[in-house]
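Presented below is the structure to which this report refers.
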Amino acid sequence: MKKIFGCVLFASSLFLFPIKTHAIGKLQQDLPYAVSEQTQICILCHRNVTPGIVEDWKTSRHSKVTPEIALKKPLLERRVSSETIPEDIGSVVVGCYECHSQNSSLHKDNFEHFGFHINVVVSPNDCKTCHAKEAAQFSGSKKAYALDNLRENQIYSQFVDAVPSIKEVRDSTIHYSNASEKSKLETCYACHGAEITVDGMRKIKTNFGNIEVPNLKNWPNQGVGRINPDGSRGACTSCHPRHSFSIEIARKPYTCSQCHLEQDIPAYEVYNESKHGNIFLSKQDTWNWNNVPWRVGMDFQAPTCATCHNSLLVNPEGKEIVSRTHDFGSRLWVRIFGLIYSHPQPKSGKTYEIKNKDGLPLPATYMNEVAAEYLIDEEEQLVRKNEMKKVCNSCHNNDWVSGHFEKFDSTLSETDTMVLNATTLMKNMWDKGFADASNPFDELIEMLWVKQWFIYANSIRFASAMIGPDRATFKNGWWQLTENFHKIHEFAKKCEYEH
Amino acid sequence: MKKIFGCVLFASSLFLFPIKTHAIGKLQQDLPYAVSEQTQICILCHRNVTPGIVEDWKTSRHSKVTPEIALKKPLLERRVSSETIPEDIGSVVVGCYECHSQNSSLHKDNFEHFGFHINVVVSPNDCKTCHAKEAAQFSGSKKAYALDNLRENQIYSQFVDAVPSIKEVRDSTIHYSNASEKSKLETCYACHGAEITVDGMRKIKTNFGNIEVPNLKNWPNQGVGRINPDGSRGACTSCHPRHSFSIEIARKPYTCSQCHLEQDIPAYEVYNESKHGNIFLSKQDTWNWNNVPWRVGMDFQAPTCATCHNSLLVNPEGKEIVSRTHDFGSRLWVRIFGLIYSHPQPKSGKTYEIKNKDGLPLPATYMNEVAAEYLIDEEEQLVRKNEMKKVCNSCHNNDWVSGHFEKFDSTLSETDTMVLNATTLMKNMWDKGFADASNPFDELIEMLWVKQWFIYANSIRFASAMIGPDRATFKNGWWQLTENFHKIHEFAKKCEYEH
Amino acid sequence: MKKIFGCVLFASSLFLFPIKTHAIGKLQQDLPYAVSEQTQICILCHRNVTPGIVEDWKTSRHSKVTPEIALKKPLLERRVSSETIPEDIGSVVVGCYECHSQNSSLHKDNFEHFGFHINVVVSPNDCKTCHAKEAAQFSGSKKAYALDNLRENQIYSQFVDAVPSIKEVRDSTIHYSNASEKSKLETCYACHGAEITVDGMRKIKTNFGNIEVPNLKNWPNQGVGRINPDGSRGACTSCHPRHSFSIEIARKPYTCSQCHLEQDIPAYEVYNESKHGNIFLSKQDTWNWNNVPWRVGMDFQAPTCATCHNSLLVNPEGKEIVSRTHDFGSRLWVRIFGLIYSHPQPKSGKTYEIKNKDGLPLPATYMNEVAAEYLIDEEEQLVRKNEMKKVCNSCHNNDWVSGHFEKFDSTLSETDTMVLNATTLMKNMWDKGFADASNPFDELIEMLWVKQWFIYANSIRFASAMIGPDRATFKNGWWQLTENFHKIHEFAKKCEYEH
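Protein chains in written order, with the numbering used here: chain P, 1 to 499; chain L, 500 to 998; chain S, 999 to 1497.
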C-alpha cells in the first residue's frame, strides 16, 4: 500500500483517491486472474495518460492468464517455452510491471518512476523469462543481426549511407554528403533496427507535472535487429506489436509485409497475387487465428507467411507436422534477395563475418564465385528443403511439389546468369575507369546495375518461390530485367564510344 | 393520396396498385419510425428502377431514425449538429424526398418528376439542414476549394491541361493539344471535383416510358470540391458514399485512399505499410466502427486516417480527447504534398489567392522563398501540432511522440534541400534557354523535375509522417530521388555540352 | 468391400484397420448425405497424406449435397446446370472419386492407384457432368483459348519468347536465347495455361511406400487456358480454387486479380481505387457471398468483378436482371487491353485465326486499320452494352450511366490516337532501318513503344471503365504515356541525327 500512497501523494490529489479504488476494483473484476499490485498502480495513471495501450493490453492473452496456468497446458498447446518461471511473476497475469521491470540491473534505460524502477524498452532478453526457446532461436538468426549486418559490413554500410544522403551538384559533379542519423532511422534502420543508447535524463511535461525520463537516442525504433539498452538484440514488438502481443497479428501477412515488400523484397506482393493469397484474402474471416497448435485444413485452408516459415503445425488429428521456430531462416535452404546472386543460406546469422575470395563480406564475388565455407552445405540444404516440403505436402502431393521446386531451381539459375551478364558489363566499366568501384552505389550506371539484382532478379525469384507470375513477367520481372539490361548496355557502349 | 394516385395513373397500370400497397406496407413494417408519404412513393418506383440504392438506404441510419430522435441524444453521441431541424422533416426518417427536395429554389437541377419537385444532386448545403457544423467546417477548407485551387491557379491549370492532352509530333516537335473536358473529368477533376451545370432538359427512356430530366454537364462527378447546381461546393458522397451514408465507410482508410494514394499522395500506401496499418488490417473485424463518440482503445486499437485527422475521440471514460472536424487540415500544421516545397498550412482554403514574391500563386518561389503572409504562423502551427499530439498520446508517451516528430522535421528539411538542388539545375536550364519556363510541365526535363517534388519528395515525407520506411527508401523514396537527380544532372550536362 | 481390403492389404498394416473404420464412420457422421465407398477409401489415406485438401473439401458444398438433391432446387437457385446427371453419382455427395474418375478413357493421365483408376487432372470436360452450361459457355471463349492465342499467334509467340529469355552481350550486341519452358511456365503460361502431357510413369516415395504415378510435363499449372490430358481446354480451379470450389472465392475480386492486375491489366487495382472497391473493402464482411441467385442491394451493396461480368443477378423481388455466363466477354462490346488499339470484341475465342490487312493475326494493323470481319458488328456491340447497362442500372439511373459511357468512349478514342502517334514514330524507325521490325519486342526502342500500348494506354482505359482516376493520371496513366512519348521522340530524333 505504501507505493499506492506514493503515487497518490505525488499526484497531490485527494480527488484521485476514490477514482483509484474504483478503477483498480473494476480492472480486477474484468480479469480472471490476479493483477499484481504494481501493475494496478501503473494502470491507475496510464489509463489516463496512454489509455490506448491499457485497453490494448486488456485484449491480450497476457492480461488473462498467469504463467503458472500457462505452464500446465499440454506441450503442443503451450505458448510459454521456459520450463520454469520465477514464482513472483508466475501467479499474476503478465502486466505492465511484470515486463517493464525484468532484469533491471542490465537496463541502462531503467529509471525511477513514481517509486518504481522501470525499463522503458522491453527486450527479447526480458521476454525470455517465459519464452526461452523463442528468444534462443531468434538470438542466433540473421534477424537478430539485422543491424550489424548492415553497419559492420563495409559494402552495405556504403549502401545505407548513399541512399538517404543529400546530393548536390558542385563543379558539374554530384557530391554525396553523409546521411544523417535521422534519415537512416527512417530508411534502412527502421526495419533493420537501431542501437538505442541512453544519454542521461531529460525532463518532460505530463498531466501529472514534470517528470524525468531517460534520454534515449535513436528512439523510437522497432526494427527487428534493434540493439537494446540491456545489450540484447531484437524487438519482439516488430511482429507482436504494441500491448496485445497477438499471435493472430503475427500470423497474418500484414505483419511480415512491413519489411518484406517491394521493391527489394516483394514477398508480400507475390503472396497477395498467389493462389494462397487469393484464398487467404477471401476466407480469412472464417479461420481460427489463435489456436495453438495450428491445425492444417481445420484452422485455415491456405498458408500465410508464418505457416510456411515459422509456425508449429499439426494435422487434424493433432500430430505434429513441423515444429515452431523463431529462426526464420531455418526452413530455408537458399537466400534469394538482398545480395547479388542467390546462394545457400549462411551458416551464421552474423553475415558480416563472411569473407569471399576478393576479401569482401559477401557470399559470392562480383563474378559469382561462392564463399562456400560460410554457407550451409548440400546436406543441410536438403534437410531444410525437406522441412519445407512437409508444409507443402499438407495440401499438395509429391509430384506437384517436386514440379514446383524444379521450376524454382531453374529460375534461380537463370536470374543468376542474367545478373552475371549485367555485372560483366559493370565490371568492364569499373576496370576501364568509366565508373569508380570504390563505392558501387553512387553513380547512375551503378544504380542501374544495383536494380538488376536488388530489385528485378529478386522479384522474379520471389514470384517463382510463391507463384505470383505477374511479378515474374511485367512488374519488376523479366520485362524490367531486360529493359534495364538494354539501358546498361547503351550506357556501356556510350562510354566506349566517348573514351 | 393525390400524389400516390398521380404516380399510379402515370404508370397507367392497374396491376401496379396492389403491389404498391403491399410494398409500402412492407417497407414501413421493416422500419422503426415513420417514412414520409413522398419517400414511400419514390421507393414505390425506384425499388424497381434502381433497387440497389433503395436497399442501400435501408442499411443506413438515415432510414432508421428521425432527426427529432437524433437530436435527443447526449451531445457527444449526437450525429446531427444543427441545433434545430425544421419540423416537417424532423418527425420522419431521412428518406429520398427529405434530401432530394431541400432548398429547391436554389437548385438549377430541380425538375418536376412524377408530380414532385426533385433535385438531382444533393449538396453540402442540403446536408447542412441537419449537419450544420460539418458543412460550415468543410465550406472554408482546402477540400471545398479543390476545383478552384486548380482552375483558378494559372500554374496548376497548366498542369491539369498538360497531363491528359493529346500529344503529336509535327515538324520534329511535340505539340500539345488542349485537354478535352472529358479527359479532365477522368483525371484531375475526378478527385478535385467538376462544376455541374444544367443545360436545359433532355428526354430519357425508362421502364415507365420516356421522361424528361435536367441535362447535366460534367455529370457524373463526385469530386470533393465539386461545384453543385445550387452554387455550393463539395460532395459529401465522396466519403459517405451512395445511400448508406455510412460512418463506418468514412472511418476506413479505403475511403481516403481513393484520392490520397501513390504516385503523388501515397498516404494510403504508407499507412498500409505502417504498424498502424498492420494492426488495422489484422484486427479491423473486431472493432466498433459505428460508435459515436469513438472510444480510443475500446472501439479500436490502432488509428485510421479519420482517427487522426477528423474524428471525435474520447477516452474509455468518455472524456473528449479531440473534437470532430470536417476541415481536414485543422489538425495539420504543415503541408507536405502537391507543391514544390513543404510549407506551413495556408490560412485560407482558397490557395489560388496566394501570391509569392515572384507573383505566382504558390506558397513559395521556385527557390523556396516562403509567402509567409498567406500561411499560418508559428503559434498556430504549434496549436495544431499539439492537437495532433493529443491523438498520438492516447497510445504513445511524450518521449516517443517528440522523437517521432524530430525525425519528421529533419526529413522535411532534407527533402526540401534535395528539391532545391534539383530546382537550381532546372532554373539554370530555364535561364539559359535550354528549356522554356512559360509552361513548366510540357518538356521531358521538366517532367523529371516535377517528379522530384511531386512524387519522390512527397513519398519520403509521407513515409516519415506515418512511418512507412520502405517508401522512404526504395519505393519512390530516396533511391528514386537520387536516381532522378542523376538523370536531371546528365540532361543539364548534355545541354551545356551541346550549346 | 474388396477394394477396401485392397487398400488395407497394400498398407500392410493391421493397425490401420480400426483407424479406418473409425475414420470412415466419423466422416459420414459429419456429412448429411452418403459418401461413396470409393471416396471414403480415398480419404482414408489422404487424410494423412494431404490433410489440407480433405479438410478443404469438407468445407465445400460438394461434400454436403448430392447432385440429385441439387437438381430439385428451383431453376434460379440451381447451381448445377446439366438437365440430367448419371445415376451412379447422383445419389452420393461429390467426393474425390466422383471427380477424379470421370471420363477416364479420355484421360492420358489416368493410372491405377491402390486398386482404382484415377485421373490426376480434373478438367472442364469432367465438371461438365453436372455443370454443362458453364462448360459450354467457357469452351468457346477467349479464356478457353488463352494458351493457343499466344502460341498459335506468330506475333504473340515472339512476345512470350522474348520476355523471359536469357540476354547476353556478344560482340557489342545483345543476343536473346530462346526462353526455357520452365520460364514460360512461370510467366505467360502461368495465367494463360500450359499443355499438360503425359510422358510415361515415374516412381515417387510416399508414406505408404513407393508408388507409380503418371509423369506429367508442364505440371503444376492452373492457367485458365490449360490444355488438359483429356484434350479439353481450361482449368476451373483457376477461379474455383482447390477443393472448396467456393462460389464466395470466385465472386471476390482477389480471384480475378491473380491475372487481371497491373502492369498490363490493372483491372484489380482500378477496382480497388474505385468507389465500388471502397464500398466492397469496407463492407464485404456483412454481405452474403453464397446466395444463388445473387440479390442486388440485399446480398451486396456494391459490385465485384463477378457481379458485372458473369453472375446471375436478381432484384430484391427475385426477378432476373442478367443471367449467369461463363463466357466472360459476353457482356463486353469492346476489348481494351493486350492489343495495340482498343477494338470491338472478336467474334470467336480463337483470336489467333484473325488476319488483318497486313496479314498479321491482330485485330488491327499497326496503323489501326480494323479487321472488321473478325470482330462483332455494331448491332452485337449494342446488345452487349445494353446487357452491361442492366447491371449499372441496378444502382445508377440512365443519366448517370450514359454520362459515364460517353466519357469512356472519348477515352478509347483519345488513347488510340496517342498510341497511333507513337506507332507512327516507331513505324518510321522500322521503315528507315533504325530498328528491325522482324521481332517487335527485342530492342530498347521497341520496348518503349510496347509500354505505350501494353501498359499505359491500357491503364487509362481501365481507369475510365471502372472510375479509378489516379491510374488515369499519374500511375501508368497520362503522365507516363506522355513521358514515354517524349522518350520515344528523343530516341527517334537521335536516330535521325546519327544516321
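Note that beta-carbon positions come from the ideal geometry of N, C-alpha and C, so glycine has one too. Since the structure is predicted, the reported quantities are computational estimates derived from the model, not experimental observations.
- Proximity of chain P to M1445 (chain S) at the Cβ level (cut-off 8 Å) is accounted for by W479, T482, E483 and H486, in chain order.
- The stretch 1455 to 1471 of chain S and the stretch 1334 to 1348 of chain S touch, with three or more beta-carbon pairs separated by less than 8 Å.
- Within chain L, E554 have C-beta atoms less than 7 Å from the C-beta of M1296 (chain S), given in sequence order.
- Rounded to whole angstroms, V662 (chain L) and G848 (chain L) show a C-alpha spacing of 24 Å.
- For S640 (chain L) and P765 (chain L), the gap between their C-alpha atoms comes out near 21 Å.
- Counting along the chain, T696 (chain L) sits inside the beta strand (DSSP E) bounded by residues T696 to T705.
- Judged by their CB atoms, Y675 (chain L) and G724 (chain L) are not nearer to each other than the 8 Å cut-off.
- Taking every protein chain shown into account, the CB of G932 (chain L) has fewer than 16 other CB atoms within 10 angstroms, so this residue is exposed.
- Annotation for H742 (chain L): I552, D555 and W556 place their beta carbon closer than 6 Å to its own, counting only its chain and skipping 5 residues before and after.
- Taking 8 Å as the threshold, the shortest C-beta distance from T558 (chain L) to chain S falls below it.
- For the 8 Å CB-CB criterion, S410 (chain P) and E772 (chain L) do not form a contact.
- Taking every protein chain shown into account, the CB of E379 (chain P) has fewer than 16 other CB atoms within 10 angstroms, so this residue is exposed.
- For H630 (chain L) and S282 (chain P), the gap between their C-alpha atoms comes out near 37 Å.
- When Cβ-Cβ separations below 8 Å define contact, G733 (chain L) makes no contact with chain S.
- It is roughly 12 Å from the alpha-carbon of L1025 (chain S) to the alpha-carbon of C1040 (chain S).
- Going by DSSP, I778 (chain L) is part of the alpha helix (DSSP H) stretching over K774 to K782.
- Residue state for I654 (chain L) is assigned as helix, using DSSP reduced to three classes.
- Shown here, F1243 (chain S) sits in coil according to DSSP, grouped into three states, outside any helix or strand.
- A Cβ of chain P is located within less than 8 Å of the beta carbon of K782 (chain L).
- By DSSP's assignment, N609 (chain L) forms a beta bridge with L:N618.
- Listed along chain S, the residues sitting closer than 7 Å to C687 (chain L) by beta-carbon distance are T1471.
- In terms of beta-carbon proximity, V662 (chain L) lines the interface with chain S, with at least one pair separated by less than 8 Å.
- Interface annotation, D1468 (chain S): in contact with chain L, CB-CB separation under 8 Å.
- Bridge partners of G1207 (chain S) according to DSSP: S:T1204.
- Beta-bridge annotation (DSSP): R1333 (chain S) is paired with S:H1341.
- Less than 8 Å divides the Cβ of T304 (chain P) from the Cβ of K252 (chain P).
- Between T1471 (chain S) and A472 (chain P), the CB-CB gap reaches or exceeds 8 Å.
- Taking S1244 (chain S) as the centre and dropping the five residues before and after it, the same chain places no C-beta closer than 6 Å to its C-beta.
- For Y770 (chain L), no Cβ of chain S is located within less than 8 Å of the residue's own Cβ.
- Closer than 8 Å to the CB of H1394 (chain S) there is at least one CB belonging to chain L.
- Taking a C-beta distance under 8 Å as the contact criterion, T981 (chain L) and K167 (chain P) qualify as a contact pair.
- Only those residues of the stretch 1165 to 1190 of chain S whose C-beta falls short of 7 Å from the nearest C-beta of chain P are listed: K1165, E1166, V1167, S1170, I1172, S1178, K1180, S1181, L1183, E1184, T1185, C1186, A1188 and C1189.
- Taken through DSSP and simplified to helix, strand or coil, L874 (chain L) comes out as strand.
- Between K992 (chain L) and chain P, the shortest Cβ-Cβ separation is below 8 Å.
- CA-to-CA, the gap between P361 (chain P) and I155 (chain P) works out to about 7 Å.
- Under DSSP, W294 (chain P) shares a beta bridge with P:L313.
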